[in-house]
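*Asks:*
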């Protein structure tokens, strides 16, 4: 299953605007209690701490999509045989965003190997000193790996890795019920599994995955409303779910406007604002957001923004400008997703300009 919005699913994810709309809601799914459960653990200060100042600064750079800056900040904390699980997790967030955003298949094998090494390191950390951060880091890295595998069409391995990640999150939530980062990831997984159409539920049941929109949103809201390092991420996920699944547009509009105004140098927030304005049929405002986006070599290439801009220009009747944006997208984008759509929009722009030879050329490209 191709990912329509690979980053938002992965940084989910980081998200899936439009995916939920029109799918039937589901209530909580009952599950038999496991025969043996780990006892809940009350978190002391040594376990409930958030990020160190360096880790927080690096994570802020990840959200800006300035991934090299994040790597530089984290480097001192990653030296030595037993690095801090929080630093390893933030690094994995950066590496995951890099490979999923670029959509460059040539980078995927090395990225997958590195993710696997980080996962194994966190599994060893859990054995040495059990705690919520090593537990969560292992689960989240496994979730990142699963999404990357699906994104690069390794669906079977990705589905199995997703199952393992969800089981880790469920076990972590039982053992550390007040640790909110786990609630963020578990809630998102529960919700996304819950909105999968009935025709695909048999496959998820075969993997032992059960979803619930109600339970998932409740867990996500706990992370969105409570103080934790991933609170903002949880707020973004919740706003997108409310918009796409529950048709409540006000939250995502207000949140993306606030974020873009607060951090004009944040490329992710620019993307979220641009996409929200496009979905809300405000092409002029969306184009202003596109033109005001931060640029420079420090940012990971987010070529997909040019494909969005092409749609907006096509809607406004600026056919030549729309074609320029989609041609730029096709030249710079190494991935497979969206290419046929870009070719179709180029055909449409040429046809609307009464340029029959160019229209025929792009029509032929669609089927290649």
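Numbering (my numbering), first residue to last: 37 to 404. Ideal Cβ positions, reconstructed from N, Cα and C, are used throughout, including at glycine. Predicted model, so just to flag it, every value in this text is computed and none were measured.
(1) Tell me the DSSP secondary structure of residue 302 in three-state form.
(2) I'd like the ranges of any alpha helix (DSSP H) spanning at least 4 consecutive residues and lying wholly in the region 135–165.
(3) For the alpha helix (DSSP H) that residue 185 lies in, which residues bound it at each end?
(4) Please list, in chain order, all residues of the same chain as residue 186 whose beta carbon is under 6 Å from its beta carbon, the five residues on each side excluded.
(5) Helix, strand or coil for residue 263 per DSSP?
(6) Please report the Cβ distance between residue 209 and residue 198, rounded to the nearest whole angstrom; I am assuming they are in contact, meaning their Cβ atoms lie under 8 Å.
(7) Quick check on DSSP: helix, strand or coil for residue 328?
(8) When you compare each of 135, 379, 246 to residue 337 by their alpha carbons, which one comes out closest?
(9) Which residue's Cα is closest to the Cα of residue 151: 115, 129, 192?
(10) Taking only three categories from DSSP, how would you classify residue 234?
(11) With C-beta atoms as the reference, is residue 248 less than 8 Å away from residue 226?
(12) For residue 100, name the three-state secondary structure that DSSP assigns.
(13) At 4 residues or longer, what runs of the alpha helix (DSSP H) sit wholly inside the region 264–295?
(14) So, under 8 Å CB-CB, residue 234 and residue 100 are touching, yes? Tell me the CB distance rounded to an integer number of Å.
(15) Quick check on DSSP: helix, strand or coil for residue 320?
(16) Can you list, in chain order, the residues of its chain with a C-beta nearer than 6 Å to that of residue 308? Leave out the 5 residues immediately preceding and following it.
(17) If we count the other Cβ atoms within 10 Å of its Cβ and call it buried at 16 or more, is residue 108 buried or exposed?
(18) Per DSSP, what kind of secondary structure is residue 342 in: helix, strand or coil?
(19) Where do the N-terminal and C-terminal ends of the alpha helix (DSSP H) with residue 355 fall, by residue?
(20) Taking the continuous alpha helix (DSSP H) assigned at residue 198, which residues delimit it?
(21) With distances taken between CB atoms, is the gap from residue 429 to residue 132 smaller than 8 Å?
(22) Taking the beta carbon of residue 165 as the centre, do at least 16 other beta carbons fall within 10 Å, making it buried, or is it exposed?
*Replies:* With the given structure in hand:
(1) Note: residue 302 maps to coil in three-state DSSP.
(2) 144–164
(3) That run of the alpha helix (DSSP H) goes 168–187.
(4) 194
(5) coil
(6) Actually they are not in contact, since the Cβ atoms of residue 209 and residue 198 sit about 16 Å apart, beyond 8 Å.
(7) coil
(8) 135
(9) 129
(10) helix
(11) yes
(12) helix
(13) 267–280
(14) Actually they do not touch by this definition, with Cβ atoms about 40 Å apart.
(15) helix
(16) 292
(17) exposed
(18) helix
(19) 355–368
(20) That run of the alpha helix (DSSP H) goes 191–211.
(21) Given that the chain is displayed from residue 37 to residue 404, the structure contains no residue 429 and the question cannot be resolved.
(22) exposed
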